[in-house]
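>
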Ligand code: GUN
């Protein structure tokens, strides 16, 4: 069997198109959603990521408000900026790019963000809303994973889902989302006994461990849907900057699965598209407008 390749770039473009249409509709009422992105320091990967966010925010018709601060910025100054953005009526979403320089306590900064502007969905209030089934802002990468899984299997109810990885940013929230879709969810991790056997139970396997090509073909149930969150750079025998691989060995897994996301071009493009959808959702909620059905 050769798996269907789940095209994250195409699904992300479709989602951005629907966000742009809603933004245009809000524009007729004089509303233009604004996303503030805060970058501290000069990490090259973060700068590339923030650049893509800025470009795509503007492309869907939203306002991009950028704050680039030196690596020497104090925690207190960053907290002051977050509080200013919390109180700014032009700002609907706030994203503080991670990682922050080591002298800044990321957890303190993330909890300072107004939960209703927390478009990353990292605030404990949004984690609690997700866990209890309340409306809230859902972390972008987990949201992208479930949108991709539903593109392959529109009804996930009753299916066995295995989430490999238990991070606050991906593993735990994606498990909550799958539970909300009525899956039977197992969260597996580095201390799980017999990982291959646990993964083989999965109708939907979400791999989010950050270990290059750890998941082999014989870990996969025939006909499963495989969502690969990993983005790992490994040396390329041909030289250069190396090549990107996921947490799943694609060549093997694609012979067993029914559908699988590639790396790159799978989950990655969905993350920013979901960030834009969250900003639109926050802009509507803050004005008492109904949540856009995107
Ligand atoms: N750094 C890498 N990915 C992300 C993300 O999704 N949000 C934030 N805030 N920082 C990141």
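In the working numbering, the protein residues as written are 3 to 296. Every residue gets a Cβ at the ideal spot worked out from N, C-alpha and C, and that includes glycine.
1) Just list the alpha helix (DSSP H) runs in the segment 173-251, keeping only unbroken ones of 4 residues or longer that don't cross its boundaries, in chain order.
2) If you draw a straight line from the C-alpha of residue 159 to the C-alpha of residue 102, how long is it?
3) Start and end of the beta strand (DSSP E) containing residue 96?
4) Just checking residue 122 against ligand 1 - is the residue's beta carbon closer than 7 Å to any of the ligand's heavy atoms?
5) Could you give the distance in angstroms between the alpha-carbon of residue 242 and the alpha-carbon of residue 236?
6) Which residue from 292, 230, 295 puts its Cα closest to that of residue 143?
7) Could you check the C-alpha separation between residue 270 and residue 8 for me, to the nearest Å?
8) Check whether the Cβ of residue 97 sits closer than 7 Å to any heavy atom of ligand 1, and report yes or no.
9) Can you tell me the Cα-Cα spacing of residue 120 and residue 228, whole angstroms?
10) Measuring only from the beta carbon, is residue 100 closer than 7 Å to any heavy atom that is part of ligand 1?
11) Below 7 Å, is the gap between the Cβ of residue 142 and the nearest heavy atom of ligand 1?
12) Identify every run of the beta strand (DSSP E) within the segment 46-123, keeping only runs that are complete inside it and at least 3 residues long; order them along the chain.
13) Is it the case that the CB of residue 273 approaches a heavy atom of ligand 1 more closely than 7 Å?
14) Report the rounded CA-to-CA distance for residue 17 versus residue 197, giving the unit in angstroms.
15) Quick check: the segment 248-255 against the segment 209-218, are there 3 or more CB pairs under 8 Å?
16) Restricting to Cα atoms, I'd like to know which of 152, 81, 172 is closest to residue 262.
Taking the structure as given:
1) 173-182, 197-201
2) 38 Å
3) 95-98
4) yes
5) 11 Å
6) 230
7) 12 Å
8) yes
9) 29 Å
10) yes
11) yes
12) 65-71, 95-98
13) yes
14) 34 Å
15) yes
16) 152
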